[in-house]
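If you're matching positions, the sequence shown starts at 19 in our numbering and goes up one per residue. Ideal Cβ placement from N, Cα and C applies to all residues, glycine included. Shown next, in structure tokens, is the structure this report addresses.
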Amino acid sequence: MTTAYRGYAYVPSGGDLAEGLVARDSVGNLWYYDRQFAYGKPYATRAKVGGGWQIYNQLTAGADLNGDGRPDLLARDTSGVLWLYKGTGSATAPYATRVKVGAGWQIYNQLSLTGDLTDDGKADAIARDTSGVLWLYKGTGSTTAPFTTRTKIGSGWSIYNSVL
């Protein structure tokens, strides 16, 4: 990224629906950059999603968890609670009010909303714990219980800085 983006935390986007870029600045404002497919300027002017996002220590976006065709965002707060923000499809207000996924997510140092890893038509997530074990959370398509019980899919992932 260019120096114009210093002070921002890039929010990883994955899956086929990742048409925009989400960034959090150093004071906790969340910004959305809609993709415009223009040569030399791939993103439109930013739109402020809102402030207060500094309460989250992990953000990941881009896949559609509930099957409505819009990319969603997961946010983990500092107490380890994971929240789902459903995508709205609007560039000026891209996310709906948060829905609690569950507590206990502080055991992971990396979270990634990956798209459909299991080829069942539903978006999945992966999480890496502090010992380097990689876990799959298979998507259900529901916003009230978006994932099944975790499944171990690998170990030794602590050699990587990020899992996107």
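In DSSP terms, what residue i is bridged to
{"i": "residue 53", "result": "61"}
{"i": "residue 77", "result": "93"}
{"i": "residue 130", "result": "144"}
{"i": "residue 48", "result": "42, 68"}
{"i": "residue 153", "result": "145, 170"}
Unbroken beta strand (DSSP E) run spanning residue i, endpoints
{"i": "residue 42", "result": "38-43"}
{"i": "residue 172", "result": "169-172"}
{"i": "residue 142", "result": "142-147"}
{"i": "residue 104", "result": "No beta strand (DSSP E) holds residue 104; DSSP gives it neither H nor E."}
{"i": "residue 182", "result": "First-last for residue 182: undefined, no H or E at that position."}
{"i": "residue 120", "result": "117-120"}
Neighbourhood of residue i by C-beta, 6 Å cutoff - its chain only, sequence neighbours within 5 removed
{"i": "residue 71", "result": "42, 46, 48"}
{"i": "residue 73", "result": "95"}
{"i": "residue 124", "result": "98"}
Rounded separation between residue i and residue j - CA only
{"i": "residue 112", "j": "residue 67", "result": "7 Å"}
{"i": "residue 100", "j": "residue 149", "result": "20 Å"}
{"i": "residue 110", "j": "residue 89", "result": "14 Å"}
{"i": "residue 94", "j": "residue 176", "result": "20 Å"}
{"i": "residue 174", "j": "residue 91", "result": "27 Å"}
{"i": "residue 166", "j": "residue 69", "result": "31 Å"}
{"i": "residue 159", "j": "residue 140", "result": "6 Å"}
{"i": "residue 86", "j": "residue 161", "result": "11 Å"}
{"i": "residue 64", "j": "residue 108", "result": "13 Å"}
{"i": "residue 146", "j": "residue 81", "result": "18 Å"}
{"i": "residue 138", "j": "residue 44", "result": "38 Å"}
{"i": "residue 76", "j": "residue 56", "result": "30 Å"}
{"i": "residue 197", "j": "residue 178", "result": "This structure leaves residue 197 out entirely; the chain is present only between 19 and 182."}
Short Cβ contact (8 Å threshold) for residue i with residue j
{"i": "residue 104", "j": "residue 84", "result": "yes"}
{"i": "residue 114", "j": "residue 129", "result": "no"}
{"i": "residue 119", "j": "residue 135", "result": "no"}
{"i": "residue 182", "j": "residue 168", "result": "no"}
{"i": "residue 157", "j": "residue 121", "result": "no"}
Spatial neighbours of residue i in its chain, beta-carbon cut-off 8 Å, leaving aside the 5 residues before and after
{"i": "residue 61", "result": "38, 39, 51, 52, 53, 54"}
{"i": "residue 171", "result": "144, 152, 153, 154"}
{"i": "residue 33", "result": "Low per-residue confidence applies at residue 33: pLDDT is 42, beneath 50, and the placement is therefore not dependable enough to give any value."}
heavy atom of the ligand ADP below 7 Å from residue i C-beta
{"i": "residue 160", "result": "Among the components of this structure there are no ligands whatsoever, and the ligand ADP is therefore not found."}
Own chain partners of residue i with C-beta closer than 7 Å, once the 5 adjacent residues on each side are dropped
{"i": "residue 180", "result": "128"}
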